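Data block below; observations after.
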Amino acid sequence: MTNDQIIEILNRPLSQEMLARDLCRLAYVAKDGTPRNIPIAFAWNGEEAVMCTSKNAPKLASLRQNPAVAITIDTEVHPPTILLVRGTVELDEVDGIPEEYLEMNGSYEMTAEQRVEWEAEIRSLYDGMVRIVMTPTWAKLIDFETTLPSAVEELVQQRAERQRKSDSSVRSDAVQ
Numbered sequence: 004m005t006n007d008q009i010i011e012i013l014n015r016p017l018s019q020e021m022l023a024r025d026l027c028r029l030a031y032v033a034k035d036g037t038p039r040n041i042p043i044a045f046a047w048n049g050e051e052a053v054m055c056t057s058k059n060a061p062k063l064a065s066l067r068q069n070p071a072v073a074i075t076i077d078t079e080v081h082p083p084t085i086l087l088v089r090g091t092v093e094l095d096e097v098d099g100i101p102e103e104y105l106e107m108n109g110s111y112e113m114t115a116e117q118r119v120e121w122e123a124e125i126r127s128l129y130d131g132m133v134r135i136v137m138t139p140t141w142a143k144l145i146d147f148e149t150t151l152p153s154a155v156e157e158l159v160q161q162r163a164e165r166q167r168k169s170d171s172s173v174r175s176d177a178v179q
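When we follow the working numbering, the leftmost residue of the sequence shown carries the number 4, and every step to the right adds one.
Below, the structure is given as C-alpha cells:
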C-alpha cells in the first residue's frame with residue numbers, strides 16, 4: 004500500500020472520527036512469540052498514533068524486539084465502524100508525563116476537581132514514560148455500507164455471479 008493510499012484512507016471523515024476516539028486495541032508479538040492484543044489509550048497527531056506506557060511495561064521489550072504492530076479502533080453499534088491500521092513503532096522515553104498522555108485521558112468524564120486530583124496522582128506515580136509512536140504502513144476502513152471486509156466483498160461478488168448465471172439460465176429457459 005502506498006503512502007498516498009494510506010493518507011487517503013486515514014483522511015476520510017469517518018476515519019477521522021475513529022482517530023478522534025481515545026481507545027484502540029494494540030496487537031503485537033510478545034517476547035515468547037505469542038500474540039498479544041491490549042486496549043490502550045492513544046492520540047492521533049495527524050500522522051502517527053501515539054500511545055504512552057510506564058518505563059517498566061513488559062510490552063516494551065517485545066516492541067524493541069519486533070516493532071511491527073497493528074491497531075484496531077471500532078465502535079460498539081450496529082453496523083460497526085472499524086479502522087484497521089498496521090505499522091511500525093518507535094519508542095521514545097521521556098521525562099515526566101507526555102502531553103499526549105494527558106490529552107488521551109482528557110475525554111473521560113471528570114469534574115475539574117477530579118481532573119486536578121487525577122493529574123496530581125499521575126505526576127506523583129511516573130517520573131517518566133515511554134511514548135509508543137506508530138507510523139502507519141497500511142490502513143483499511145470498514146463501515147459495512149461503502150466498505151466491507153475483503154472476505155465479505157468476495158462473498159458479495161460470488162453471490163452476484165451466481166445471480167447473474169441464474170438470471171441467464173432463466174432467460175435461456177424462457178426463450179426455448
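Where a beta carbon is used, it is the ideal one built from N, C-alpha and C, also for glycine. Computed from a predicted model, the values in this text were never measured in an experiment.
Open item on the list: Can you list, in chain order, the residues of its chain with a C-beta nearer than 8 Å to that of Leu190? Leave out the 5 residues immediately preceding and following it.
Closed with: Outside the displayed range of the chain (4 to 179) lies residue 190, so it cannot be described from this structure.
Task: Counterpart residues of Leu29 in DSSP-defined beta bridges - done: Along the sequence shown, one-based indexing puts residue 29 at 26. Its beta-bridge partners are Ile41, Ile74.
Open item on the list: What ranges does the alpha helix (DSSP H) occupy inside the segment 54-126, keeping only unbroken runs of at least 4 residues that lie completely in it?
Closed with: List check, alpha helix (DSSP H) in window: 62-68, 102-107.
Open item on the list: Looking only at its chain, what residues have a beta carbon closer than 6 Å to the beta carbon of Leu22, apart from the 5 residues adjacent to it on each side?
Closed with: Here residue 22 refers to the residue found at position 19 of the sequence shown. Cβ within range, chain order: Trp47.
- [ ] Under 6 Å Cβ to Cβ from Pro82, same chain only, skipping five residues before and after it: list those, please.
- [x] Walking along the sequence shown from the start, residue 82 turns up at place 79. Only residues of its own chain outside the window of five on either side were considered, and among them Phe147 have a CB closer than 6 Å to the CB of Pro82, listed in chain order.
- [ ] Give the range of the alpha helix (DSSP H) segment to which Pro16 is assigned.
- [x] Here the question's residue 16 lines up with position 13 in the sequence shown. Where Pro16 is concerned, the enclosing alpha helix (DSSP H) stretches over 16-22.
Open item on the list: Which same chain residues end up closer than 6 Å to Val88 when comparing Cβ atoms and leaving out the 5 residues on each side of it in sequence?
Closed with: As a working note, residue 88 is residue 85 in the sequence shown. Excluding positions up to five away in sequence, the list reads Ile74, Pro139, Ala142.
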